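In the numbering used here, the protein residues as written are 12 to 585.
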């Protein structure tokens, strides 16, 4: 680096991002980004390639889109947002990425701090005075692993390297970096040394002591009702295969509760569905593998004699002030490695008697699995009535129409169990559930997946309440501008059923129940299809059950032609 002339901090920041392998900058810009805008234009004139900028009309789209791309590729990406206002808009998405454990670097400008022209980049407009809070990072601090302010371009590479190292270390998560405008505009010498990613890499989780695995294996051999509950082990596709192997080797029933990823094939005889509570009552050995909430304690009674083992990339749940689940043994590590160790240990000590007992258990579980499939098919048989379609029927039709490699994102909230049940997936990486609590997650994530995997269909299923939170005009503006067609299916019950149901759970005979007033109905009669059409997407409202298959076919045809599609399905109102 000797002899390199002085450059602005914006230059060194861009170089740092490129050296870290960050391909895209998703963002919504403001006055604080002028030095970066200028520097990226200079790079292009000089024939250099900065990270490709993807302009989003809302920060909710930008942050989720970065998250979707990072999940699809395994490579962290970066986002630019505007001072405190953009940070506030990004906070909901950062909450979701925190719960999804996705490495995304969100960089926010900071309002200029000088007022009289003494520094380049100082205050020159009204908002520069009103967009400086006392603690800007406090807006998102609960949702990030690391936050910092860039003090000088001379340390830009060290700062970005540190951010990437922390956010990529297990358990992964987002990071936040603030960029004062005067700092971005100031010229400084090059960094004093290089910071190669290969020498500043992340800390990865591994396996555990063989003695601990041997103890679990011995318990598995003695168990009559082993149960494994998981939600996000499938973020690593290799872990899915190991869970399947363990289930078949030891006759372990595998359940998912609020799954984030596909963790076991839906056609596996050992797959026990999405309600582990009923099996927790009889399990004599339980494995909690990469799951934040295995069941609802208030309505679940575990077998008091059971032995529970927790294997998790985040066993202590660092970002949750309280965690209400018992475990007799806790092991923090990578589930692929841990389950792989356990498979080897069980294989080494398996006896003929054990294998016979496993065979009988699997036969019983296969019969139960078949019964659940028949019950699901029965629920889908009734198409519903005009304007009151049965979501089971619609989702089953969608499940038949899409392929095994198509990506399904489930943010249907009230109908999330319906989507999981009626659109069963079997290939790792073909499903993403909703891990957080910030509605409007799946739209931007779908765009990020499509950018990363342009040859795959991407379908996201949402409720009408979710769709309002998705910043749909931003979603479709980005899809159109960058040629990223996605298929949106809206299951419209006229509001937020979760609000109504929560009120009824607490006050089944209360005043709100008697009055039928839950504050949950929103925008009845809204036509989402016309909104999609305004951005050159294909939109269709489905009110006639007889048209279900044809309507889905028309949407998929538009998708395959390169247009986004939206199917607005009218369900029974709240």
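For each residue, glycine too, the CB sits at the ideal point set by N, CA and C.
If you're wondering where the values come from, they're calculated on a predicted model, not measured in any experiment.
C-beta atoms of residue i and residue j nearer than 9 Å
{"i": "residue 553", "j": "residue 442", "result": "no"}
{"i": "residue 538", "j": "residue 504", "result": "no"}
{"i": "residue 434", "j": "residue 459", "result": "no"}
{"i": "residue 341", "j": "residue 327", "result": "yes"}
{"i": "residue 498", "j": "residue 473", "result": "no"}
{"i": "residue 208", "j": "residue 177", "result": "no"}
{"i": "residue 336", "j": "residue 232", "result": "no"}
{"i": "residue 152", "j": "residue 43", "result": "no"}
{"i": "residue 338", "j": "residue 221", "result": "no"}
{"i": "residue 273", "j": "residue 439", "result": "yes"}
{"i": "residue 113", "j": "residue 183", "result": "yes"}
{"i": "residue 427", "j": "residue 444", "result": "yes"}
{"i": "residue 451", "j": "residue 205", "result": "no"}
{"i": "residue 50", "j": "residue 21", "result": "yes"}
{"i": "residue 238", "j": "residue 290", "result": "yes"}
{"i": "residue 130", "j": "residue 24", "result": "no"}
{"i": "residue 295", "j": "residue 236", "result": "yes"}
{"i": "residue 227", "j": "residue 255", "result": "no"}
{"i": "residue 303", "j": "residue 331", "result": "yes"}
{"i": "residue 502", "j": "residue 363", "result": "no"}
{"i": "residue 467", "j": "residue 546", "result": "no"}
{"i": "residue 285", "j": "residue 432", "result": "yes"}
{"i": "residue 81", "j": "residue 88", "result": "yes"}
{"i": "residue 453", "j": "residue 71", "result": "no"}
Local Cβ density within 10 Å of residue i, reported as buried at 16 or more and exposed below that
{"i": "residue 424", "result": "buried"}
{"i": "residue 172", "result": "buried"}
{"i": "residue 198", "result": "exposed"}
{"i": "residue 436", "result": "buried"}
{"i": "residue 376", "result": "buried"}
{"i": "residue 575", "result": "buried"}
{"i": "residue 142", "result": "buried"}
{"i": "residue 572", "result": "exposed"}
{"i": "residue 389", "result": "exposed"}
{"i": "residue 487", "result": "buried"}
{"i": "residue 494", "result": "exposed"}
{"i": "residue 380", "result": "buried"}
{"i": "residue 229", "result": "exposed"}
{"i": "residue 563", "result": "buried"}
{"i": "residue 246", "result": "buried"}
{"i": "residue 416", "result": "exposed"}
{"i": "residue 127", "result": "exposed"}
{"i": "residue 12", "result": "Any reading at residue 12 is ruled out, since the residue's pLDDT is 43, under 50, leaving its predicted position unreliable."}
Within-9 Å CB hit, residue i to chain C
{"i": "residue 416", "result": "In the structure shown, chain C does not exist; there is a single protein chain."}
Any non-hydrogen atom of the ligand GDP within 8 Å of residue i CB
{"i": "residue 167", "result": "Judged by which ligands are present, the structure shown has none, so any question about the ligand GDP falls away."}
For residue i, three-class secondary structure by DSSP
{"i": "residue 203", "result": "coil"}
{"i": "residue 14", "result": "Confidence at residue 14 is low in this model, with a pLDDT of 44, below 50, so the placement of that residue should be treated as unreliable; the coordinate-derived value is given next. If DSSP states are grouped into helix, strand and coil, residue 14 belongs with coil."}
{"i": "residue 157", "result": "strand"}
{"i": "residue 187", "result": "strand"}
{"i": "residue 421", "result": "strand"}
{"i": "residue 410", "result": "helix"}
{"i": "residue 302", "result": "coil"}
{"i": "residue 90", "result": "strand"}
{"i": "residue 571", "result": "helix"}
{"i": "residue 253", "result": "helix"}
{"i": "residue 373", "result": "helix"}
{"i": "residue 333", "result": "coil"}
{"i": "residue 296", "result": "strand"}
{"i": "residue 4", "result": "In the structure as shown, the chain begins at 12 and stops at 585. Residue 4 is therefore absent and cannot be evaluated."}
{"i": "residue 355", "result": "helix"}
{"i": "residue 266", "result": "strand"}
{"i": "residue 317", "result": "coil"}
{"i": "residue 19", "result": "strand"}
{"i": "residue 241", "result": "strand"}
{"i": "residue 307", "result": "coil"}
Presumed contact (8 Å Cβ cut-off) between residue i and residue j, rounded CB distance
{"i": "residue 100", "j": "residue 69", "result": "7 Å"}
{"i": "residue 578", "j": "residue 566", "result": "5 Å"}
{"i": "residue 94", "j": "residue 122", "result": "5 Å"}
{"i": "residue 119", "j": "residue 155", "result": "So it is not a contact: roughly 11 Å between Cβ atoms."}
{"i": "residue 167", "j": "residue 200", "result": "So it is not a contact: roughly 12 Å between Cβ atoms."}
{"i": "residue 11", "j": "residue 455", "result": "A query on residue 11 cannot be resolved here, the shown segment of the chain reaching from 12 to 585 and no further."}
{"i": "residue 446", "j": "residue 86", "result": "Between residue 86 and residue 446 the Cβ distance is about 20 Å, and since that is not below 8 Å, they are no contact."}
{"i": "residue 344", "j": "residue 320", "result": "Not quite, the Cβ-Cβ distance comes to about 12 Å (not below 8 Å), so this is no contact."}
{"i": "residue 46", "j": "residue 132", "result": "6 Å"}
{"i": "residue 542", "j": "residue 465", "result": "No, residue 542 and residue 465 are not in contact; Cβ-Cβ is about 25 Å, not under 8 Å."}
request  = For the segment 520-538 and the segment 556-567, state whether three or more C-beta atom pairs, one from each stretch, are separated by less than 8 Å.
outcome  = no
message = If contact is defined by three or more beta carbon pairs under 8 Å, each pair taking one atom from either stretch, is the segment 238-248 in contact with the segment 269-285?
response = With a cut-off of 8 Å, the segment 238-248 and the segment 269-285 count as touching, because enough Cβ pairs lie within range.
key: Any 3 or more C-beta pairs closer than 8 Å across the segment 419-434 and the segment 30-38   = With contact defined as three or more Cβ pairs closer than 8 Å, the segment 419-434 and the segment 30-38 are not in contact.
query = Are at least three pairs of beta-carbons, each pair with one atom in the segment 367-383 and one in the segment 245-257, less than 8 Å apart?
reply = no
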